[in-house]
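Student: Numbered by the working numbering, the letters in the sequence shown go through residues 660 to 1054 in order. The beta-carbon is built from N, C-alpha and C at its ideal position, and this holds for glycine as well. Pasting a structure here, questions to come.
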Amino acid sequence: MTRTLSILGVTGSVGQSTMQVIEELRAQGRELPVEAVTAATRVDLLADACRRLRPKFAAIANPALLGEAREALVGLDIEVGAGPAALDEAGARPADWVMSAIVGAAGLSPTMAAVRRGGHVALANKECLVCAGPLFIEAAKAHGATLLPVDSEHNAIFQVLTHPERVERLTLTASGGPFRTWSREQMAQATPAQACAHPMWNMGRKISVDSATLMNKGLELIEASYLFGFKSEFIDVIVHPQSTIHSLVHYIDGSVLAQLGSPDMRIPIAYALTWPDRAHVSTSRLDLAKLAQLTFEAPDPVRFPALRLARAALDRGASATTALSAANEVAVEAFLEGRIRFLDICRTVEEALSHLEGAEAGLLAKLPSSFDEVRAVDQAARRAARLVAGNTAAA
Ligand code: NDP
Ligand code: MG
C-alpha cells in the first residue's frame, strides 16, 4: 500500500522519531513518499530531513531563513517556501497522512489546513486541540478527517477504546516529571536545565517544562476531554513513575483496559502511521521482569497546581482552555529565558487568567464560535501573561 505523508515539525523530537519510523518501514519495502516537511529555524536539520525523506516541498517558518534554506537544499529538486502561508501550504498539500508535530498554538493553522483536506491527521501537537478544542473537532467531522492521537496517553486510550459508549471513566497516567520527589523549596530554585531533564522521555523543551509543572497532564486532560468527549469529572490523573502503563479505560462492567509499552514515542507514532493495521518496528521492548514493579501515587495538588488550573479551565469552557494554553506558552518561554522562576510559571498562568477575567468580564465563559475568536482570546491571554511575567521578573 502506498501512503503519501507530510510531517509538520520534522526537526523536533516527535518529527525526528517519525522520520525514524518512516525509514524503518521504507527499509521493509513499503512505499511511503513524502509530500511536505516543515521547520521553524533549524535549517541544518531541515536539510538533513530533506536528504533522507526526499519531500516535494519544504517550508521554513522564519521568512528570513528562506535564502539559507534554499541554499541548503540546492540540487535536491525540492520546492522551498517560508512564512505562515508556506506552513499552511505544507499542511494543505495532498497527503494521505499528516503528522502534526509543531509545538504550541503555531501548529493550529497548518494542522487545520490538513484537517480541511479530510485525510488522516496524526495529532502529536496538543496545544492546537487545547486552544481550539470543540471547533477543531467539529471541523474534523465536517471535513471527514480522521484524527489519530499520537500523544502517548491518548494513543493508549485510542488503542483500547473498544466500546466508547460503555466507558465509565478514563485514567491518564503521568510520570510525575523530574521534580516528583522535590520539595517546594527545591522547586523554587529549579533551573531550565533541571526542568528539561525528564527522567523517562526525551522531548522538546516546552513539553519538558510542562511535564515538570504537570501542566502537560493538565493540557492532556483537556485534550482527552475534547478528543473522546468526556467531561473533566470522568477523567482522573494518576502518577506512575515507570511510564509503562500509558493510560487506562474503565468500562461499566468493571473491566479496565490499558496499553503498556516502553516509554518510546516511536510506538504511538508507528501505531498512528499504520492504523488500523500494525507493523514491525524495532522500538524498545517491554521487559516486565526487569521492571519488577509498577507503582502509582496521587498527584500532589500543592506542589503541582497546574492540574487544578487546567481542570478549572476545562470546566469553564473553550475560551478558558485557549487562554490557559496561551498564557502557559508565554510563561514557559519566560522561564526558559531565565526571566521568571519555576514556581512563577503556574502563578503567571493563574494571574493572567484572573487578570483577563477582571479586564473583560465574561470573556473566558464565552464559547468561541470561530477561529478568529479563538485567536483573539489567545492574543489577549498572551498579553496578560506577558504583563504578569514582566511584573514578576521586575519584582
Ligand atoms: P520540539 O520543540 O522538539 O519540536 C517542535 C517542532 O516545531 C520543530 O520542528 C520546530 O522547528 C517547530 N516549530 C517551533 N516553533 C514553531 C513555529 N512558531 N512555527 C512553526 N514551527 C515551529 O517539540 P516536540 O517534538 O517535543 O513536541 C511537538 C508537539 O508534540 C508538542 O505540541 C508536544 O506537546 C507534542 N508531544 C510531544 C511529545 C514528545 O515526546 N516530544 C509527546 C507527546 C506530545 P525548529 O526545530 O526549526 O525549531
Ligand atoms: Mg503525553
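Report the rounded CA-to-CA distance for Val809 versus Val908, giving the unit in angstroms.
Tutor: Cα to Cα, Val809 sits roughly 17 Å from Val908.
Student: Going by C-alpha to C-alpha distance, which of Val989, Asp959, Ala971 sits closest to Thr1007?
Tutor: Val989
Student: Which of helix, strand or coil does DSSP assign to Thr661?
Tutor: coil
Student: Quickly, what does DSSP pair Ile897 with across the bridge? List them, please.
Tutor: Paired residues: Thr832.
Student: Locate the alpha helix (DSSP H) running through Gly750, then write down its first and last residues.
Tutor: In the DSSP assignment, Gly750 falls within the unbroken alpha helix (DSSP H) covering 743–751.
Student: Thr954 by DSSP, collapsed to three states: which one?
Tutor: coil
Student: For ligand 2, is there any heavy atom lying closer than 7 Å to the beta carbon of Ser811?
Tutor: yes
Student: Can you give me the Cβ contacts of Val819 inside the same chain, cut-off strictly under 7 Å, excluding the 5 residues immediately before and after it?
Tutor: Val908, Leu916, Ala917, Gln918
Student: Would you mind listing the beta strand (DSSP E) stretches within the stretch 678–757 that are 3+ residues and don't spill past its ends, in chain order?
Tutor: Whole beta strand (DSSP E) segments, 3+ residues: 693–698, 716–719, 738–741.
Student: If you drop the 5 nearest sequence neighbours on each side, which residues of the same chain put their C-beta closer than 6 Å to that of Thr840?
Tutor: Taken in chain order, the list of residues that qualify is empty.
Student: Taking three-plus beta-carbon pairs below 8 Å as touching, is the stretch 726–744 in contact with the stretch 692–711?
Tutor: yes
Student: Would you give the residue range spanned by the beta strand (DSSP E) that His905 belongs to?
Tutor: 904–910 is the span of the beta strand (DSSP E), which, as asked, contains His905.
Student: Using a Cβ-based criterion (distance less than 7 Å to any ligand heavy atom), does Glu1009 qualify as near ligand 2?
Tutor: no
Student: Checking the sheet assignment: what are the DSSP bridge partners for Thr805?
Tutor: His779
Student: Consult DSSP for Leu919 and reduce its assignment to one of helix, strand or coil.
Tutor: strand
Student: Pick out whichever of Ile928, Pro753, Val680, Ile719 has its Cα sitting closest to the Cα of Asn784.
Tutor: Scanning Ile928, Pro753, Val680, Ile719 for the CA closest to the CA of Asn784 turns up Ile928.
Student: Just to check my reading of the structure: Met678 and Arg711 have Cβ atoms closer than 8 Å, yes? What is that Cβ distance to the nearest angstrom?
Tutor: 6 Å
Student: Looking at the unbroken alpha helix (DSSP H) that takes in Lys785, where does it start and where does it end?
Tutor: Counting along the chain, Lys785 falls outside any alpha helix (DSSP H), and DSSP gives it neither H nor E.
Student: Short of 7 Å in beta carbon distance, which residues of its chain neighbour His822, apart from the five on each side in sequence? Order them along the chain.
Tutor: Tyr910
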